[in-house]
Every structure is written in structure tokens, then in C-alpha cells.
Amino acid sequence: MKQTDFNQIINRHHTGSVKWDFIDRYLQLDETDLLPMWVSDFDFQCPLEVRQALHHRVEHGIFGYSERDDQYYQAVMDWFSKRHQLPLQREWFTSIEGVVPGLAILIQLLSQPGDPIVIQGPYYGSFAKIVTLNGREVLENPLAFGPQGYQFDFDHLEACFEQRKPPLLLLCNPHNPTGRCWTRDELTQLMTLCSRYGVTVISDEIWADLLLPGETFTSVLHLDESWQDHVISATSASKSFGLSSLRISNFLIPNDQTRNAFVERLNAHGLDVFNALSMTAATAAYQQGETWLDALQQYLANNRRWFEQALAYAAPWCKMTRAEGTYLAWLDCRALGLDDNALQQALIHQSKIAASMGVSFGEQGKGFIRLNLGCPRQYLESAIAGLARLKPSL
Ligand SMILES: Cc1ncc(COP(=O)(O)O)c(C=O)c1O
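Numbering (this note's numbering) for the sequence shown: 1 to 394.
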């Protein structure tokens, strides 16, 4: 086994990969020869240390009921303390297989059917899905888009709070799809408002480790301690280390009552058993994956810089928004003058790219697309060649 080579092309077909094997089924397309730049998982092998730990565990050969052990907790706590200067308390931990299912259960627990729940558009599509499928209403507080990039619209947010009295706000930090990593000042302003109106903030921090050079991540748990009763942070090693199908995520809930109620809900669904391989992988990643993650971040930063420059040259009509984190590119395609359906058709038939269409991120995403830059450079070259085939109609 070798350490990951980020330039290596690895065939992911016939591995049950949603991104590579299910383009036609999920996107309802007939085309199968598209470059998949949609789902946010990357096309790199996970760290060698994680693969070795998994091999070792598989060799053991017994996969009975399993529970998170001391090593698991310590690995997560050490990681957050070292990487983000965030001391976590062990009693805050609750775990569930994924961030999205955890968010859904918290929505059920902390709001009533019909309640409005605030999300900031353009938003990660699963946020709207779990809000509406759980019988709640999406109350959108669109991000303001200006020369400084995307920012919270606090005036609109306050009006939402006053008029609709939502119990919850779902925050995404760093933000999918824009890549904004909210600053301490922005989060402080947000929390000041939320605490004035009694709104609990569930912060999805799954992208926290994937920052561009020089950027820092601020968790809701970094903020004033007096707010801790009203914040929840959702984390996972899955995005950082490419472990999305090895399901385990942590919800850090400082409020005892909320945490106990959440754990009770998990028990009520029999969700109190953990996957041995998931825990092995997450523990190894947090314990031994730091050098690998540094190298990944460097590769992703270079990918982003290269892509932005190539785009400016080959497809100047397409504007890339400034990001501080994630490996997602949020691209403004409105200069093409196409509606979203025509834009998708052009991407499929002319560019040969399977993109995430901006409209799936709500109203604010119209005319935009999201591309996943977490791939070997060679794929980015194909994507640029494909985008260069599109021309704005004069
Ligand atoms: C913001 C955000 N939250 C959650 C998820 C998915 O998390 P999980 O697979 O743990 O449910 C994603 C995946 O793209 C995401 O972007």
C-alpha cells in the first residue's frame, strides 16, 4: 500500500459510487459519459494510515455489536483541540451515523409540525428536504451577494425572527455551496440576534477541516459560553478524509436537557449501536491523518487557483465566487443568458459535465452551478475544456 497520490486517476465505476455509477438514475439523464463533478465526495484515496487501520480491523474478522471507546473520543477531542483550538467536553458527545439524519432528528425534537425553520440560501439541498419532509416550513433568509461575496442579511433575519418566530436556525459553516467560512464577528452578530429571539442554532460544521491557506474555522462552540445552551455543532471526519459511506458523525450538544432528549430519540429508533469499521476509520484519521490533510489542503488550494485562472482565460463569462473553504466551486453562469434547464442541457450535451445545478440550492442558486474540485487535476482540465465550448449569445 502506498500513501495517496492526489494526481492518480482511480476508476470508481462499479463501486456503487453515487457520483460515478448513478448519474443517470439520480439526475434522470440518459448520458453516461459525463464527467461527474456533482456529489461532494472527492476522487482521492483516504490516508494510508486509515486504510491500514481498516485492513487490520478486517483481519480480526469479528464484527459484533460495537461502541465508541475511549480512544475514539480522545482522537476527536485531540483533533479539535490541536487543529481548531477548540476544547470539547466529552459529555457533550452524541453520535449518529450521518449529519443529515442527526439534523432531521433534531428538527423533530426542537420544533413543532408547521414551524418555520431558518436556512440561508443558497442552501445545501438536504436542509430544505429534511425541513419539508418533516412537516416544517423553510423560512429562507437569503445571503446577500455583493462585491465582498456572500454575507448574512441581518436586517432580513431580524424581520424573519420578529414576524415568524422560528424556533431553529440551521447554519452551514463552512458554507455549502458558496465556500464561505463565517468569521467570529459574523457569528457573534448572528448569535446575538438568535439569543435575543430565543432561536436555537444547529451548526453543520462538516466542512470545518477543509480550509484554504490562511483561513481559520470558528465553531459556534468557540463563541461566548453563555450561548452554549442554545447551540449544537455537527461534525464528522467524512468530508475531511473521504469517508462518507463509512457512516459516523458527532453532534456536540452542551445543553444537558437537549442532549438527553436527543439520545433518547436515538434509542427510540435503535440507533445506539455503532459500526466497528466506521469507528476504526474515524479514529485512525483523527489520530494519524494530519500530515495527509495538510497535503490534501495544499492540493485543493492549487486546484482552486489553477481552475480559477484557467476559467478566466477559457470561459470568462463564468464567474467563480470567492471561497475560504470546501472544495466546491460556486459558479455564476448567468452571463450565458440560459434558463436553468437550458443550462443543464448545455452542460450535458456540449460540456459533457454532470454538475450540481444551482437551482437545487433554492431560488438564490438560479443561473449558478456548483462543481466539485476535489479531483485529480486532469479532470479539471477536461471540465475547463467542456466549459470553454459554451459561449454567451450576444
Ligand atoms: C453541509 C453538509 N452537511 C451534511 C452533508 C452530508 O452529511 P452526512 O453524509 O453525514 O449525512 C453534506 C454532504 O455533502 C454537506 O455538504
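C-beta atoms are modelled at their ideal positions from N, C-alpha and C, and glycine is treated no differently.
Confirm, please, whether the CB-CB distance from residue j to residue i is below 8 Å.
{"i": "W227", "j": "S278", "result": "no"}
{"i": "G362", "j": "G98", "result": "no"}
{"i": "L34", "j": "I353", "result": "yes"}
{"i": "M1", "j": "R51", "result": "yes"}
{"i": "T280", "j": "R57", "result": "yes"}
{"i": "I105", "j": "F274", "result": "no"}
{"i": "L300", "j": "G374", "result": "yes"}
{"i": "P254", "j": "W92", "result": "yes"}
{"i": "G146", "j": "R322", "result": "no"}
{"i": "P47", "j": "W292", "result": "yes"}
{"i": "K238", "j": "E205", "result": "It should be pointed out that residue 238 corresponds to Ser in this sequence rather than to Lys. Cβ atoms of S238 and E205: not closer than 8 Å."}
{"i": "L289", "j": "L212", "result": "Note on residue identity: the sequence assigns Gly, not Leu, to residue 289. Not closer than 8 Å, so no."}
{"i": "S249", "j": "G102", "result": "yes"}
{"i": "R184", "j": "T218", "result": "yes"}
{"i": "V199", "j": "L169", "result": "yes"}
{"i": "L190", "j": "F251", "result": "no"}
{"i": "W317", "j": "L343", "result": "no"}
{"i": "P87", "j": "Q364", "result": "no"}
{"i": "F161", "j": "Y123", "result": "no"}
{"i": "S40", "j": "L328", "result": "yes"}
{"i": "A355", "j": "L371", "result": "yes"}
{"i": "K366", "j": "D332", "result": "no"}
Per the DSSP calculation, residue i is bridged to which residue(s)?
{"i": "Q151", "result": "A144"}
{"i": "E137", "result": "P116"}
{"i": "K319", "result": "D332"}
{"i": "L354", "result": "In the sequence on display, residue 354 carries Ala and not Leu. DSSP, once it has assigned bridges, lists P36 as partnering A354."}
{"i": "D204", "result": "C172, A234"}
{"i": "I369", "result": "L331, M357"}
{"i": "F274", "result": "S66"}
Could you give the DSSP three-state label for residue i: helix, strand or coil?
{"i": "L187", "result": "helix"}
{"i": "C181", "result": "coil"}
{"i": "L390", "result": "coil"}
{"i": "D78", "result": "helix"}
{"i": "N302", "result": "helix"}
{"i": "G396", "result": "One cannot answer for residue 396 here, as it falls past the ends of the chain, which runs 1 to 394."}
{"i": "F22", "result": "coil"}
{"i": "S382", "result": "helix"}
{"i": "F63", "result": "coil"}
{"i": "S17", "result": "coil"}
{"i": "D340", "result": "helix"}
{"i": "C375", "result": "coil"}
{"i": "S111", "result": "coil"}
{"i": "F93", "result": "strand"}
{"i": "F6", "result": "coil"}
{"i": "K129", "result": "helix"}
{"i": "H269", "result": "coil"}
{"i": "M1", "result": "coil"}
{"i": "R12", "result": "coil"}
{"i": "P122", "result": "coil"}
{"i": "P454", "result": "There is no way to answer for residue 454, as the model of the chain reaches only from 1 to 394."}
{"i": "Y286", "result": "helix"}
{"i": "L86", "result": "coil"}
{"i": "Y73", "result": "helix"}
{"i": "V199", "result": "coil"}
If we cut at 8 Å on Cβ distances, does residue i have a partner in chain D?
{"i": "P316", "result": "Here chain D cannot be found, since the structure has a single protein chain."}
- Taking a cut-off of 6 Å, which residues have a beta-carbon closer than that to any heavy atom of ligand 1, in chain order? Those satisfying the condition are, in chain order, S40, G98, V99, V100, Y124, C172, N176, D204, I206, S236, S238, S244, S249.
Going residue by residue through the stretch 206-261, where are the continuous beta strand (DSSP E) segments of at least 3 residues, counting only ones entirely within it?
Listed in chain order, they are 231-235, 249-252.
- [ ] Counting only runs of 4+ residues fully inside the stretch 29-61, write out the alpha helix (DSSP H) ranges in chain order.
- [x] Runs found: 48-60.
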